Amino acid sequence: MIWSICGATRLKGIMRHKTSLLREELSKALLVALGQALKDGAPSPAEIDASFEIPREEKFGELSSNIVFKIAKENKTSPRALAETVKKSFDETLVMSPLAKRVEKITVEGPGFINFYVTQSEKAAVLFKIQSEGERFGRSQPAQKKNILLEYVSANPTGPLTVAHGRQAALGDSLARIMRFRGHQVTTEYYNNDEGVQINTLAASLRMRVERLVTQKDLDAEPPENYYRGEYLVEIAKAFIEQYRPTAPFEKYQKQFQTFARDLIMSGIRKDLADFDVHFDNYYSQEALGQSGRIERTLEELKKTGKVYESEGAVWFRSTDFGDDKDRVLIKSDGHYTYLTPDIAYHHEKFERGFDTLVDILGPDHHGYIARLKASQEALGHDASRLHVLIAQLVTLYENGKEVRMSTRAGEFVTLREILDEVGRDAGRFFFLMRKFDAHLDFDLALAKSQTPDNPVFYIQYAHARVESIKANFQKAGLDPPEADGKVLARLQSPAEMGILRLLAQFPEIVIAADRTLEPYRLVPYLQELAAAFHRFYADHRVVTEDKDLVSARMLLVTSVQTVIRIGLNLLGVSAPLKM
RNA sequence: GUGCCCGUAGCUCAAUUGGAUAGAGCGUCUGACUACGGAUCAGAAGGCUGCAGGUUCAACUCCUGCCGGGCACACCA
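Residue numbers for the first sequence follow the numbering used here, so the first one is 639 and each next one is one higher.
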């Protein structure tokens, strides 16, 4: 049970609902001050709001505005001089304003930054907010609620998931969590390439393995170049033999070859994903798409746009009209579709299902694919800027400083399953998400496995567990439930405590940024910093003491840290253990 | 050759998307436990942000040209 939301804390504060509005209040006050300083040519409220930022360093206050830089020139004054005038005017009105209780002072620094410093009670008020909102803290309403289809992993069922897919899975799942947390409507989908050339190749590869096993010939020979060559197919071949007891001629099993490996591999993929705690709302079958006739209909629609032509016996899409660097084949001269064609129909269908935003997560080999896919949707009348294609870059595994070879032999690779077995779900996910998805990722297996403070996952999780033991200690002491009001919270004064308050207040902004940029990794350095601030506090502040008010205040502080760490880890898909 | 991404401390990466004295972790060196979990904490050293120009009040960030690395450039999927 979560201590803070089971009613143990009584909030007597009267400032509970004020905190979120401070920025707006300051915005208004600044506008007034600017109006007096300038007489005409004052910026719009939106411009002022956009000029606010959270200063990197604590000594520059809680909020900072760079508005004067934008308007000093057209007003023929220096930024610094304008800022001073604004400050003067602001100070004069502040005295009589209700803001006086919340804003301690404003200063002009550097070339003209206007910095706002808030009062201790204002800073501490974030604790009320966290206590009352609980697990929903940080969930600010997006300006625009989106209805998003997030497609990710979508690995061909021709082999087990690799580390690369693991990264995509971690990224997609975390993004879904973040977007949902923010209030967007999200549907997750796995596009299953369950028919086509690669499945035919898979069938042929399986047949070869079965034939070799049954006839006991060429068992150690390298499979042909274009076949799937992984050892996993030998296992599948054994299962096939177990089930069908095949005998020559093997042609008669063609249908079984076609589906057996595919379905077995797909169920393995689903199992891996489930163990990685990744779940999809839909699995979308390409085979079903083909049978529905949608591909043909989409082709007809494309033809009507006049962007389709025939040449050299093939059917082409004039994607160059939409910025692609060359036209693309839709139907090969042998009559088969290219890979692109069903995918165009699939994305068209996604838009037609009513989603206003599509997000695809693809591997780095799909880089050149984006332009043509966007071109096709543009041609079909969709807004291509609503299709976001994220390319998750490659993962290199290291163990004790040495690279773990991705392919020692043809068809051999490190699987997601191995990562799960080696380092576990939490560390696996965390490490996959630690870096920007479009940057190459170095994954240190030894570090991920280690249970020392060097390992960022353990460092953060430990902070969460540590709060739990403080709570246990508090209960053991048999103290009354903490009571909190402004007077009690005023006891939080030390730099370590103020640093934590500052970080807690920033959490909502971090979530917004992660959502806007589709970058879950932004939570990682934040959580590391929050955990570090907590450990620092812990080192020289005792929570459970004889001082009743101080105990209340600090209990509120540490449980708030625990709540925010839990929310943050949860958004990454990493567990927040109470004991380790 | 063309297009996209990247070049920041010895190593792995940040930098609020154009803001203030470029920050963390690891590694190196020096310290702290009869206290709620030392699975922790404090301190030091370490930089011409690949190079050269340009735009700006302000450039790691944007523009141009080089140098170095990665990826993509199929009637493959």
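Yeah, the Cβ is synthetic: ideal placement off N, Cα and C, and Gly gets one too. Remember, it's a predicted structure, so these values are computed and weren't measured experimentally.
Pick from the options: whose alpha carbon is nearest that of residue i?
i: Ile686; options: Leu668, Pro1094, Phe1112 and Leu1209; result: Leu668
i: Arg1234; options: Pro683, Asp998, Phe819 and Phe955; result: No statement about residue 1234 is possible, as the shown extent of the chain runs from 639 to 1218 and does not include it.
i: Asp1059; options: Lys783, Ser703, Lys1087 and Glu880; result: Lys1087
i: Glu663; options: Tyr1007, Val1202 and Val741; result: Val741
i: Ala684; options: Pro1215, Ser665 and Leu672; result: Ser665
i: Glu863; options: Phe751, Ala842 and Glu722; result: Ala842
i: Ala814; options: Val835, Asn785, Leu940 and Leu1035; result: Asn785
i: Phe895; options: Glu849, Lys767 and Thr731; result: Glu849
i: Thr931; options: Glu696, Asp972, Pro884 and Ala983; result: Reading the sequence as shown, one finds Gly at residue 931 and not Thr. Out of Glu696, Asp972, Pro884 and Ala983, Ala983 has the C-alpha closest to the C-alpha of Gly931.
i: Asp915; options: Arg1067, Glu1016 and Asp856; result: Arg1067
i: Val852; options: Ala886, Leu1071, Tyr828 and Gly961; result: Ala886
i: Lys1186; options: Ser727, Ser1023 and Arg1129; result: Arg1129
i: His1102; options: Ala1170, Ser759 and Gly906; result: Ala1170
i: Pro1133; options: Tyr1176, Glu833 and Leu937; result: Tyr1176
i: Thr1197; options: Ile768, Ser689, Leu659 and Val1149; result: Ile768
i: Ile752; options: Lys743, Val1061, Leu659 and Ser759; result: Lys743
i: Arg1154; options: Ile816, Leu659 and Met734; result: Ile816
i: Leu1040; options: Asp1021, Glu1056, Asp1080 and Asp994; result: Looking at the sequence provided, one finds Lys at residue 1040 rather than Leu. For the residues Asp1021, Glu1056, Asp1080 and Asp994, the minimum Cα distance to Lys1040 belongs to Asp1080.
i: Gly797; options: Ile837, Thr936, Lys725 and Ile879; result: Ile837
With 16 as the cutoff for other CB atoms within 10 Å, does residue i come out buried or exposed?
i: Gln924; result: buried
i: Lys1114; result: exposed
i: Thr657; result: Confidence in Thr657 is poor, its pLDDT being 45 and thus under 50, which makes the residue's placement unreliable; the coordinate value appears in the next sentence. So Thr657 ends up on the buried side.
i: Gln1099; result: buried
i: Thr1183; result: exposed
i: Pro884; result: buried
i: Thr897; result: exposed
i: Lys1012; result: buried
i: Glu730; result: exposed
i: Pro1094; result: buried
i: Pro749; result: exposed
i: Gln1200; result: buried
i: Ala738; result: exposed
i: His803; result: buried
i: Asn831; result: buried
i: Glu696; result: exposed
i: Glu869; result: exposed
List the whole-angstrom C-beta distance separating residue i from residue j, where the pair is believed to meet the contact cut-off of C-beta under 8 Å.
i: Tyr1159; j: Lys1074; result: 6 Å
i: His1078; j: Thr1034; result: 7 Å
i: Leu1161; j: Leu1085; result: Not really, about 19 Å apart at Cβ, beyond 8 Å.
i: Ala762; j: Leu1139; result: 6 Å
i: Thr979; j: Leu968; result: 5 Å
i: Glu773; j: Tyr922; result: Contact doesn't hold; Cβ gap of about 32 Å is too wide.
i: Arg661; j: Val1149; result: No, Arg661 and Val1149 are not in contact; Cβ-Cβ is about 16 Å, not under 8 Å.
i: Leu911; j: Ala807; result: 6 Å
i: Ile1205; j: Gly776; result: 6 Å
i: Leu1222; j: Glu939; result: Within the shown structure, residues of the chain are numbered from 639 to 1218, placing residue 1222 beyond reach of any answer.
In three-state terms, what does DSSP make of residue i?
i: Asn794; result: coil
i: Leu966; result: Reading off the sequence shown, one finds Arg at residue 966, where the question assumed Leu. Three-state result, Arg966: strand.
i: His1005; result: coil
i: Tyr828; result: strand
i: Glu1121; result: strand
i: Thr1201; result: helix
i: Phe1081; result: strand
i: Leu1071; result: helix
i: Glu1056; result: helix
i: Phe914; result: coil
i: Thr1034; result: strand
i: Thr800; result: strand
i: Ser770; result: helix
i: Phe690; result: strand
i: Asn785; result: strand
i: Glu695; result: coil
i: His1020; result: coil
i: His1026; result: strand
i: Asn1208; result: helix
i: Leu1141; result: helix
i: Glu1135; result: helix
i: Leu1216; result: coil
i: Ser682; result: coil
i: Arg648; result: The predicted model places Arg648 with a pLDDT of 48, which falls under 50 and marks its position as unreliable, so this point remains unresolved.
i: Leu676; result: helix
Cβ-heavy atom distance between residue i and the ligand FAD below 7 Å?
i: Asp1123; result: Looking at this structure, you won't find the ligand FAD or any other ligand, since it has none at all.
> What runs of the beta strand (DSSP E), each 3 residues or longer, lie entirely inside the segment 712-759?
Replying inline: 741-747 and 751-756
> Enumerated in chain order, which unbroken segments of the beta strand (DSSP E) with a length of 3 residues or greater are wholly contained in the segment 917-1005?
Replying inline: 920-923, 946-949, 952-955, 966-969 and 995-1000
> Which ranges does the alpha helix (DSSP H) cover as unbroken runs of at least 4 residues, wholly within the segment 821-903, from first to last along the chain?
Replying inline: 835-853 and 870-882
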